[in-house]
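Read through the structure below, which is laid out as structure tokens, and then see the notes.
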Amino acid sequence: MYAVIQTGGKQYRVQPGDVFQVEKLEGDVGSALTFDQVLLLSKPNGETPQIWLGKPSVSGATVKAEIVGQGRGEKIVMVKMKRRKQYRRTQGHRQEYTQLIVTDVDNGSGEKATLSASDKQAKVTSFKTQLKPKGEAFTPKTLGSRKRLAAKAKEAKASPKAATPAEAKPAKKKAAAKK
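Residue numbers (this note's numbering): 100 to 278.
Here's what the structure looks like:
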């Protein structure tokens, strides 16, 4: 069974087990969300699927999802320029996104398509977020490189370089003036 839901001014076709990305929704990773604006439901039924079409939404139908990740997308740079006027402006923007996994789709009359716990766990573990976290500090990739960086910092603190005057070098000879 699949559904078409509306959130953030956009429409998404989802079914249990789908991992998809929407514009920022409030909530922590692992919290559950319920979408009531279900525009269409379809259930495969042999050759002809059974379809519920909402006007504008299917009454009683819900889609439940769980937050998998929060983060920001790639940076978009906008440039304004007016030729021959010395006017140039640049502005950057990174959109915040929420990534969700659909856990179940309910048509409102008792029929429900649900994602099993083991399938959900497999999807979440295999899923790697492409979103970049907001405001996290940079940490080196391996423990060894962190140890080397800490040792270098400690060494730099322990023995500051003594100020030694530079050796005086003789001035270069100037070329003879041309006549």
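No residue lacks a Cβ here, since even glycine has one placed at the ideal position from N, Cα and C. Remember, predicted model here, so these are calculated numbers, not experimental data.
If we ignore side chains and look at the alpha-carbon of each, how far apart do residue i and residue j end up?
| i | j | result |
| --- | --- | --- |
| V69 | A216 | Coverage of the chain is limited to positions 100 through 278, which leaves residue 69 absent and any answer about it impossible. |
| Y186 | K123 | 34 angstroms |
| R245 | A257 | 18 angstroms |
| G116 | A221 | 10 angstroms |
| G207 | P155 | 15 angstroms |
| S158 | L152 | 10 angstroms |
| K219 | A212 | 13 angstroms |
| A252 | G126 | 39 angstroms |
| A131 | H192 | 28 angstroms |
| Y111 | K184 | 44 angstroms |
| K273 | A267 | 18 angstroms |
| R182 | V176 | 19 angstroms |
| V113 | V204 | 9 angstroms |
How is residue i classed by DSSP in three states: helix, strand or coil?
| i | result |
| --- | --- |
| S156 | coil |
| A270 | coil |
| A255 | helix |
| D198 | Rather than Asp, the amino acid found at residue 198 in this sequence is Gln. If DSSP states are grouped into helix, strand and coil, Q198 belongs with the strands. |
Starting from residue i, trace the alpha helix (DSSP H) in both directions and tell me its first and last residue.
| i | result |
| --- | --- |
| S225 | A216 to S225 |
Span of the beta strand (DSSP E) holding residue i?
| i | result |
| --- | --- |
| V103 | Y101 to T106 |
| K179 | T161 to K181 |
| L124 | Looking at the DSSP string, L124 is not in any beta strand (DSSP E), and its letter there is neither H nor E. |
| Q110 | K109 to V113 |
| A276 | Here A276 belongs to no beta strand (DSSP E), and DSSP marks it neither H nor E. |
DSSP has residue i in a bridge; who is on the other side?
| i | result |
| --- | --- |
| Q149 | K142 |
| K211 | D205 |
| R188 | K179 |
| L248 | Per DSSP, none; premise fails for L248. |
- Message: Across the stretch 197-212 and the stretch 159-179, are there enough close Cβ pairs to call them in contact, namely three or more that are closer than 8 angstroms?
- Response: Result yes; three or more Cβ-Cβ pairs closer than 8 angstroms.
- Touching by the beta-carbon criterion (3+ pairs, under 8 angstroms), the stretch 101-113 and the stretch 137-152: In short, these stretches touch, since the Cβ pair count reaches three.
- Pair every Cβ in the stretch 152-168 with every Cβ in the stretch 198-212, then say whether three or more of these pairs are closer than 8 angstroms. Contact between the stretch 152-168 and the stretch 198-212 is established, with three or more Cβ pairs separated by less than 8 angstroms.
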